[in-house]
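Enquirer: Going line by line, the protein sequences match chains U and L.
Here the numbering used here is used: the first residue of the first sequence is 85, the next is one more, and so on.
Here the numbering used here is used: the first residue of the second sequence is 21, the next is one more, and so on.
Backbone N, C-alpha and C define an ideal beta-carbon position, used for all residues, glycine too.
Note that the structure is a prediction, hence the values are computed from the model and not measured.
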Amino acid sequence: MNAAINSRRDFLRYSFYSGALLIAAPLSFSSRAENLDSAVGAITPLIRIAQDNSVVFYSPSPEMGQGTNTALSMLFAEELGADMKNVSVEPLPYELKRDDEGKITWKVIPQFAGGSTSISRNYELLRNAGANAKQLFLMAAASMFKANIDSLSAENGYVVMSNGRKVSLGYLAESAAKQTLPEGFKPTLKDKDDWRIIGKPHNTQEAIDIVTGKPLYGMDMQYPGAKVAMVQRSPYFDGDVESFDASEALAMPGVHQVVRLPRPDVNKYYTYLAGGIAVIADDFWTAKKARETLKIKWDKGPYAEASTADLHKKCDELLKEPGQVVRNDGDIKKALANAAQIISHTYKIPLVSHAQLEPQNCIAHVTDSKCTIIGPMQSPGSASRLAEAITGFDRVNMDIRYTRLGGGFGRRLNSDHTAEAVMISKLSKLPIKLIWTREDDLRNDFYRPMGHHQLTAGVDDSGNVIAWSHHLVGTPKYYRRNNAKPEELFGADIYVDDFPAGRVENLQYEYTPVTFGAPQGSWRAPAHTANAFVVQSFIDEIARATNQDPLALRIKMLGEHEELPYAQHGGPTFDTGRMAAVLKKAAQLANWGKKMPSGNALGIAGHFTFGGYCACVAEVSIKPNNRFRVNKVYAAIDVGTVVNPEGVIAQVEGGINDGLSTALGQQIIVENGQVQNDNFDRYNMMRIGDSVISIEVAVVDSNASPVGAGEMGIPPLAPAVANALAAAGDIRIRHHPMRA
Amino acid sequence: MSEITINNKTVKLEGDSDMPLLWFLREKVALTGTKFGCGVGSCGACTVHIDGQPIRSCSMPIGNLNGNNVVTIEGLSRQDKLHPVQQAWIDFNVAQCGYCQAGQIMAITAFLERFPSPSDDDIDTHLTNLCRCGTYTRMRKAIHHAAAQIRAKGATSQQQGESS
Ligand code: FES
Ligand code: FES
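(1) If you measure beta-carbon to beta-carbon, which residues of the region 288–319 of chain U are closer than 9 Å to chain L?
(2) Identify the residues that DSSP records as bridge partners of F141 of chain U: which are they?
(3) Less than 6 Å between C-beta atoms, sequence neighbours within five positions excluded: which residues of the same chain meet that for A260 of chain U?
(4) So with CB distances below 7 Å, who are the chain L contacts of Q440 of chain U?
(5) At a Cβ cut of 7 Å, what residues of the region 348–375 of chain U count as close to chain L, listed as they run along the chain?
(6) Between the region 246–253 of chain U and the region 192–202 of chain U, can you find at least three pairs of beta-carbon atoms closer than 8 Å?
(7) Under a three-way DSSP split, which group does D413 of chain U fall into?
(8) List, in order along the chain, the chain U residues whose C-beta lies closer than 9 Å to that of E94 of chain L?
(9) How would you list, in chain order, the residues of chain L whose beta-carbon sits under 8 Å from the beta-carbon of I779 of chain U?
(10) Please indicate yes or no: does the CB of L147 of chain L lie closer than 7 Å to some heavy atom of ligand 2?
(11) Could you please give me the residues that DSSP links to M383 of chain U through a beta bridge?
(12) First and last residue of the beta strand (DSSP E) that includes I364 of chain U?
(13) According to a CB-to-CB cut-off of less than 9 Å, which residues of the region 145–160 of chain U neighbour chain L?
(14) Against chain U, which members of the region 68–96 of chain L pass a CB distance test of less than 8 Å?
(15) How is S114 of chain U classed by DSSP in three states: helix, strand or coil?
(16) Can you tell me whether G309 of chain U is buried or exposed? The criterion is at least 16 other CB atoms within 10 Å of its CB, across all chains shown.
(17) Using a Cβ-Cβ distance cut-off of 8 Å, determine whether L836 of chain U contacts chain L.
(18) Taking Cβ positions, are M314 of chain U and K270 of chain U nearer each other than 8 Å?
(19) Taking Cβ-Cβ distances shorter than 7 Å, what residues in chain L pair up with S745 of chain U?
(20) Only counting the same chain, and skipping five residues up and downstream in sequence, which positions put a Cβ closer than 6 Å to that of H165 of chain L?
(21) Assuming G490 of chain U contacts L441 of chain U under a Cβ cut-off of 8 Å, what Cβ separation, rounded to an integer in Å, is found between them?
(22) So E472 of chain U and R280 of chain U are in contact, right, with Cβ under 8 Å, and what is the actual spacing, rounded?
(23) Would you say L518 of chain U reaches chain A, if we count a Cβ-Cβ gap shorter than 8 Å as a contact?
(24) Please list, in chain order, all residues of the same chain as A330 of chain U whose beta carbon is under 6 Å from its beta carbon, the five residues on each side excluded.
(25) Let me know the secondary structure DSSP gives Q425 of chain U once reduced to three states.
(26) Distance check for Y353 of chain U and R565 of chain U, CA to CA, integer angstroms please.
(27) What is the DSSP secondary structure of V666 of chain U, reduced to helix, strand or coil?
(28) Going by other Cβ atoms of all chains shown within 10 Å of its Cβ, with 16 needed for buried, is H536 of chain U buried or exposed?
(29) Skipping 5 residues on each side, what residues in its chain have a beta carbon closer than 6 Å to that of T693 of chain U?
(30) Run through the DSSP bridge pairs and tell me what M314 of chain U is partnered with.
(31) Answer yes or no: does any C-beta atom of chain U fall closer than 8 Å to that of L132 of chain L?
(32) Grouping DSSP H, G and I as helix and E and B as strand, with all else coil, what is G125 of chain U?
(33) In three-state DSSP terms, what is R587 of chain U?
(34) Within 10 angstroms of the Cβ of K29 of chain L, are there 16 or more other Cβ atoms? Answer buried if so, exposed if not.
(35) Buried or exposed: where does H645 of chain U fall if 16 or more other Cβ atoms within 10 Å of its Cβ makes it buried?
(36) Going by Cα to Cα distance, which pick from U:P708, U:V704, U:A671 and U:Y767 is closest to C698 of chain U?
Spelled out as structure tokens, the structure:
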């Protein structure tokens with residue numbers, strides 16, 4: 085049996101568990117926690133310390149490669165005085181409770197991963213929890229050794245007394261667990277200057293388990309008696325089963341049941357669930373072969389004829405019509421009429437898939453009284469809500485355990501996979517492990533929205549941008565969100581405070597939604613990827629058309645150092661000075677302006693994503709046969725106070741290669757209502773042979789409040805590459821995939 | 021039915037002869053280190069060594085095997101000593117989500133047998149495993165480092181061999 089199925093629920097009830105113990109310390113309230121539904125007076129079973137001084141930290145953010153296991157344990161360990169060498173990390177089982185008014189709230193701490201929020205949400209929460217835990221150890225040591233508590237400190241896994249004597253946290257743990265913090269105790273957090281752990285580079289905690297193939301992922305989990313379930317889903321968006329014949333499948337040895345999945349009311353469930361037939365068998369191979377024998381007549385639904393080719397044509401047409409004006413500063417028409425020069429270009433972004441490498445999967449066991457869910461989730465909260473809707477059980481009493489994720493990228497903010505698993509277990513009355521094939525995964529994604537962007541700028545005689553208009557026609561992410569009003573659909577696809585808003589006097593953002601059957605969802609740095617590509621490419625085109633240096637034009641447009649209001653996620657402000665600083669830093673690393681051999685050039689771009697500032701300079705070489713190679717990328721990132729610089733660098737590097745992979749080759753193609761390129765032999769993802777050969781990242785540390793770093797590296801990459809290509813060989817690519 | 025060796029243990033192959041080795045490993049002998057990514061031989065997440073060759077196990081039916089020697093990620097380290105590639109992966113902090121990395125490591129250990137001093141071009145041409153997290157740039161550094169470690173060790177053991 086693998087680790088995740090040992091019930092931690094039992095051991096949460098007791099202080100002692102196989103010689104180890106659980107520290108339960110009141111959580112202090114953090115300013116950032118106030119607007120979550122939140123953590124008041126919660127108890128924190130966040131760590132377990134054994135006699136040998138080993139510390140297990142239970143992480144409240146599902147780990148999907150973004151490095152929060154390491155960064156969050158660092159926050160806690162810093163204040164506790166633990167030694168990171170002794171710290172290991174496991175996922176915290178999902179815990180809810182009812183407060184006094186009966187409202188459901190977190191039992192321990194908010195548990196979620198998305199939007200690069202794990203660091204900002206936990207920065208104070210976990211340091212306070214660590215400091216509270218430390219106080220219990222100091223109290224234990226003070227009473228054990230009759231010492232004055234003020235003379236004690238904790239560091240590197242030991243409580244240190246004034247005479248230099250050291251006692252390990254492990255030794256004190258049993259006694260510490262019996263202490264109670266004094267009424268109204270408020271911990272004093274360490275000064276930044278005294279940090280021993282935060283701000284220092286730490287490698288991934290689980291590296292050894294990963295390189296030796298330990299079972300960490302949902303796909304690796306086992307559950308007693310679980311059968312493998314596989315679903316034949318409608319190949320048509322919003323299609324459903326009209327009739328089916330499963331007799332052949334049912335006659336196969338090793339096949340247990342075949343059940344039809346009802347298509348639930350999407351408004352009630354707020355997710356997309358495909359109609360289909362589930363086969364339940366002893367193992368993957370039997371389930372897959374049985375699934376192939378199903379004879380299903382599909383009700384093709386409203387999108388049977390849909391194609392992405394038609395969708396792009398429709399966007400072209402709609403771009404000619406006015407859209408909904410979502411931001412309007414000054415007088416765009418007049419400014420354009422007065423401009424010395426007008427520049428206008430259209431950019432096209434396709435639908436793309438998350439294609440996280442671990443296909444969707446989930447274990448579920450629904451009995452008459454209990455619901456257990458084990459699997460890869462970014463949002464166990466949404467998994468529990470869906471399970472409640474399906475089973476009718478109180479979600480407070482469910483046993484939900486998220487595993488490590490073989491990639492998230494926003495895909496597993498949606499809980500369609502957990503809902504399917506719960507539904508199948510409920511219908512079959514069997515514990516099941518649902519496994520999606522890659523084809524299932526690429527066909528049934530919540531795709532990143534596509535769109536056509538028209539940008540128009542008016543420039544005066546001195547090269548100042550005096551008018552800016554951006555019209556996006558695209559498939560809105562909010563299209564299937566319950567009760568989303570048509571006039572609010574733009575909100576997830578065009579962020580009205582994004583640069584250059586507030587910096588160009590006459591500015592207009594326009595939006596036209598296009599309906600398409602494919603579900604849309606959040607994809608790493610959601611709309612920032614598309615918008616950074618078009619805006620940062622377009623600024624370069626303006627620079628070229630008006631003979632200005634692309635970096636200088638950006639700095640000029642950012643203007644005076646000022647904090648502009650920013651009402652969307654990542655706000656409340658956008659700091660033009662911090663943006664200019666990362667652009668200059670990346671340019672300095674790259675030796676911007678240096679002489680390069682013909683066919684080689686630099687391109688620059690910078691973008692503000694979810695509170696973080698990142699700029700890239702890409703160095704490209706044009707190769708024969710219309711090919712090119714990104715030889716090097718220089719990047720600078722400012723995410724405020726840096727918790728784990730090594731983690732930040734890794735995220736920027738990963739974002740750069742991920743951004744290149746997506747821009748180069750990825751697009752989902754739909755014909756006759758069906759996704760055509762449903763495996764990696766047809767959906768082009770980058771391999772090492774096209775990857776960026778070398779990357780240099782500068783992390784700008786500051787005292788600004790910290791934000792995560794998982795998404796900021798992606799948006800500036802594609803425009804930096806496009807701009808470099810334009811500089812290297814007069815090739816201006818205004819579409820993704822850039823290789824198409 | 022036929023037998024194979026998996027990580028030095030003899031194992032009887034059971035199940036449909038068209039069942040891919042990947043699923044035999046994962047579900048019949050509980051070696052879940054070998055990953056399922058695509059099932060069509062494209063991503064390399066399922067790479068294992070069969071008689072020393074890197075093979076994508078999702079596309080290798082067990083019926084084709086008899087007497088072969090299979091090594092999976094779980095069997096790569098000897099007596100708890102990590103393979104230099106595994107060590108380099110830790111030292112260079114390569115993994116992000118980590119899901120591709122077992123397959124990467126199996127592909128690269130086999131690659132380094134053929135190319136003990138690989139150039140960047142060799143890497144670009146012969147390594148085709150997929151990493152969605154984009155760890156390629158670190159991987160490249162770690163490959164060069166591991167290759168140097170292996171060469172140095174090989175040189176040492178050769179010297180020892182000569183002097184004894
Ligand atoms: S799972 Fe075998 S190559 Fe992808
Ligand atoms: S580390 Fe996530 S796919 Fe490679």
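Expert: Checking against the coordinates, here is how it stands:
(1) Taking 9 Å as the upper bound on Cβ-Cβ separation, chain L lies near residues T288, E290, A291, I292, D293, I294, V295, T296, G297, K298, P299, L300, Y301, M303, D304, M305, Q306 and V312 of the region 288–319 of chain U.
(2) For this step, residue 141 of chain U is matched to residue 57 along the first sequence. When beta bridges are read from the DSSP output, F141 of chain U appears opposite U:I131 and U:V173.
(3) The count along the first sequence starts at 1 and reaches residue 260 of chain U at position 176. Cβ neighbours of A260 of chain U beyond the five flanking positions: L220, F221 and A224.
(4) If you number the first sequence from 1, residue 440 of chain U lands on position 356. In chain order: R152.
(5) Within the region 348–375 of chain U, the qualifying residues are D367, F368 and W369.
(6) The region 192–202 of chain U is not in contact with the region 246–253 of chain U.
(7) Working through the first sequence from its first residue, we reach residue 413 of chain U at position 329. DSSP places D413 of chain U in the strand class (E or B) of the three-state scheme.
(8) In the second sequence, counting from the first residue as 1, residue 94 of chain L sits at position 74. Chain order gives the chain U residues near E94 of chain L as T296, G297 and K298, where near means a beta carbon separation below 9 Å.
(9) If you number the first sequence from 1, residue 779 of chain U lands on position 695. Per Cβ cutoff of 8 Å: T157.
(10) Here residue 147 of chain L corresponds to residue number 127 of the second sequence, with the count starting at 1. No.
(11) In the first sequence, residue 383 of chain U corresponds to position 299, counting from 1. A small fix is needed here, since residue 383 of chain U is Asp in this sequence, not Met. In the DSSP assignment, D383 of chain U forms a beta bridge with U:D324.
(12) Looking up residue 364 of chain U in the first sequence gives position 280. From DSSP, the beta strand (DSSP E) with I364 of chain U extends over G360 to A365.
(13) Result list: E147, M148, G149, Q150 and G151.
(14) Listed in sequence order: T92, I93, E94 and L96.
(15) Taking the first sequence and counting its residues from 1, the one referred to as residue 114 of chain U is at position 30. Interpretation of S114 of chain U is limited by its pLDDT of 27, a score under 50 that renders its predicted location unreliable; the figure taken from the coordinates is listed afterwards. Correct three-state label for S114 of chain U: coil.
(16) Along the first sequence, read from residue 1 onward, the residue named residue 309 of chain U stands at position 225. G309 of chain U comes out exposed.
(17) Residue 836 of chain U lies beyond the range of chain U shown here (85 to 824); nothing can be said about it.
(18) Here residue 314 of chain U refers to the residue found at position 230 when the first sequence is read from its first residue. Here residue 270 of chain U refers to the residue found at position 186 when the first sequence is read from its first residue. No, the pair does not count as a contact, with Cβ atoms beyond the cut-off.
(19) As a position in the first sequence, residue 745 of chain U is number 661, starting the count at 1. Correct list: G154.
(20) In the second sequence, residue 165 of chain L corresponds to position 145, counting from 1. Cβ neighbours of H165 of chain L beyond the five flanking positions: A108.
(21) Looking up residue 490 of chain U in the first sequence gives position 406. Looking up residue 441 of chain U in the first sequence gives position 357. Contact between G490 of chain U and L441 of chain U is confirmed by a C-beta separation of about 5 Å, below the 8 Å threshold.
(22) Start at 1 with the first residue of the first sequence, and residue 472 of chain U comes out as number 388. Start at 1 with the first residue of the first sequence, and residue 280 of chain U comes out as number 196. Not confirmed; about 44 Å, so no contact.
(23) As a matter of chain content, chain A is missing from the structure shown, whose protein chains are U and L.
(24) Counted from its first residue, the first sequence places residue 330 of chain U at position 246. The residues are V342 and L378.
(25) As a first step, residue 425 of chain U is located in the first sequence; it is residue number 341 there, counting from the start. Three-state result, Q425 of chain U: strand.
(26) Walking along the first sequence from the start, residue 565 of chain U turns up at place 481. Walking along the first sequence from the start, residue 353 of chain U turns up at place 269. Their Cα atoms are separated by approximately 10 Å.
(27) Counting from one through the first sequence, the residue named residue 666 of chain U turns up at place 582. V666 of chain U falls in the helix class under three-state DSSP.
(28) If you number the first sequence from 1, residue 536 of chain U lands on position 452. Burial call: buried.
(29) To locate residue 693 of chain U, count along the first sequence from 1; it is residue 609. Excluding positions up to five away in sequence, the list reads A609, H612, E795, M796 and P799.
(30) Taking the first residue of the first sequence as position 1, residue 314 of chain U is located at position 230. M314 of chain U pairs with U:V363.
(31) Within the second sequence, the letter at position 112 stands for residue 132 of chain L. Residue-level contact check: L132 of chain L does not touch chain U, since none of the beta carbons of chain U fall below 8 Å from its beta carbon.
(32) Taking the first sequence and counting its residues from 1, one reaches residue 125 of chain U at position 41. Only weak support exists for where G125 of chain U lies, its pLDDT of 26 falling under 50; the coordinates are left without a value.
(33) Locating residue 587 of chain U in the first sequence gives position 503, counting from the first residue. Coil at R587 of chain U, not helix or strand.
(34) As a working mapping, residue 29 of chain L is identified with position 9 in the second sequence. Burial call: exposed.
(35) Taking the first sequence and counting its residues from 1, one reaches residue 645 of chain U at position 561. A residue is called buried when at least 16 other Cβ atoms come within 10 angstroms of its Cβ; H645 of chain U does not meet this threshold and is exposed.
(36) Counting from one through the first sequence, the residue named residue 698 of chain U turns up at place 614. Ranking the options by Cα distance to C698 of chain U, first place goes to U:A671.
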